[in-house]
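Q:
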Amino acid sequence: MYDMRFLADMNISPLTVNTLKQEGFNVIRVSDLMPANTDDEIILPYAITNNYILITQDLDFTDMLALQGLTKPSVINIRLEYPTPARVARRVSDVVKNFQSELITGCVVSVDEISARYRLLPIKV
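Take the sequence shown: its letter number 20 is residue 20 in my numbering, and every next letter is one higher.
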């Protein structure tokens, strides 16, 4: 469907990942590649090296990108009040449709129930 690869953080449900796969997304969960307790400091460079876009509910990745002045990887931050697997999958799908070029370039997208906002990387602090 999209020529992008997605890496779902541990806080993203396997049900969300399965739904996205059924929709044609090339997505894998962190726990399919490394131990479930792997630190973000290991996940971030892995995502960069392997050209993944991160899907997470963890703001630590955005902080790390800003502090290190990185231009990759793109991050989709899920900020839903009730992040059910179906809602998360729907919002991720919406974000990818609406921000495809920005995600390819390098950005952080913050997504809630009604809106999505992006900031291009690098983030200036």
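All residues carry an ideal CB built from backbone N, CA and C; glycine is no exception.
(1) Is it buried or exposed for L33, if we count other Cβ within 10 angstroms and need 16 for buried?
(2) Residue ranges of each alpha helix (DSSP H) run of no fewer than 4 residues wholly in the segment 17-79, ordered along the chain?
(3) Counting pairs of Cβ atoms below 8 Å between the segment 37-54 and the segment 70-84, do you hit three or more?
(4) Measuring alpha carbon to alpha carbon, tell me which residue in Q57, S101, I123 and Q68 is nearest P83.
(5) By DSSP, does L15 sit in helix, in strand, or in coil?
A: To lay it out plainly:
(1) In the sequence shown, the residue the question calls residue 33 occupies position 33. L33 should be labelled exposed.
(2) 40-49 and 60-68
(3) yes
(4) Numbered from 1 along the sequence shown, position 83 holds the residue referred to as residue 83. Of the candidates Q57, S101, I123 and Q68, the one whose C-alpha sits nearest the C-alpha of P83 is Q57.
(5) Here residue 15 corresponds to residue number 15 of the sequence shown, with the count starting at 1. In the structure shown, L15 sits in a helix (DSSP, three-state: H, G or I).
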